[in-house]
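To start, the structure under review is shown below, and the notes come after it.
In our numbering, the protein residues as written are 80 to 218.
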């Protein structure tokens with residue numbers, strides 16, 4: 080059996096879809112016909128989940144490195160911002176304009192306060208307080 084030929088054939092028959100979609104029977108699928116619908120025993124392995132997590136972290140880090148002033152922040156603050164961006168997306172994180180202004184001043188106490196003064200902190204309070212504490216300690 081030729082694995083490369085099989086890949087080409089499966090790509091031709093299944094197609095490549097880079098987001099979740101419902102197949103012709105209504106079951107959730109990703110990639111090249113990969114069943115992820117729990118109703119049919121689908122899903123991904125822990126190893127696959129960790130590969131996705133690694134890729135997502137690297138993507139968030141690349142996006143954050145483009146933001147003015149991010150490079151000069153302490154490592155714990157960078158980690159806190161990566162965590163926020165992972166949850167909120169970069170565009171959501173950038174909406175924290177008062178927090179970013181405080182970060183650019185290296186006023187980590189005020190930045191933490193601004194992070195907590197948000198809808199995000201009300202929706203996920205435990206996570207928000209943990210992240211705000213990382214920012215507060217950033218000095």
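Backbone N, C-alpha and C define an ideal beta-carbon position, used for all residues, glycine too.
Distance between residue j and residue i (C-alpha atoms, nearest Å)
i: residue 86; j: residue 171; result: 38 Å
i: residue 98; j: residue 110; result: 7 Å
i: residue 115; j: residue 106; result: 8 Å
i: residue 186; j: residue 177; result: 11 Å
i: residue 160; j: residue 90; result: 37 Å
i: residue 168; j: residue 80; result: 43 Å
i: residue 209; j: residue 128; result: 24 Å
i: residue 165; j: residue 135; result: 8 Å
i: residue 188; j: residue 199; result: 18 Å
i: residue 100; j: residue 108; result: 5 Å
i: residue 131; j: residue 141; result: 15 Å
Helix, strand or coil at residue i according to DSSP, with G and I counted as helix
i: residue 95; result: coil
i: residue 141; result: helix
i: residue 222; result: The structure shown does not extend to residue 222, since the chain spans only 80 to 218, so no value can be given for it.
i: residue 121; result: coil
i: residue 81; result: coil
i: residue 175; result: coil
i: residue 154; result: helix
i: residue 170; result: helix
Reference residue i, options the options, closest by Cα
i: residue 212; options: 199, 136, 203 and 155; result: 155
i: residue 95; options: 184, 84 and 113; result: 113
i: residue 183; options: 151, 92 and 138; result: 151
i: residue 196; options: 216, 174 and 217; result: 174
i: residue 214; options: 104, 181, 133 and 83; result: 181
i: residue 190; options: 203, 207 and 101; result: 207
i: residue 138; options: 179, 198, 162 and 118; result: 162
For residue i: DSSP bridge partner residues
i: residue 148; result: DSSP, once it has assigned bridges, lists no residue as partnering residue 148.
i: residue 101; result: 107
Could you tell me whether the region 142-154 touches the region 112-129, using the rule of 3 or more Cβ pairs below 8 Å? no
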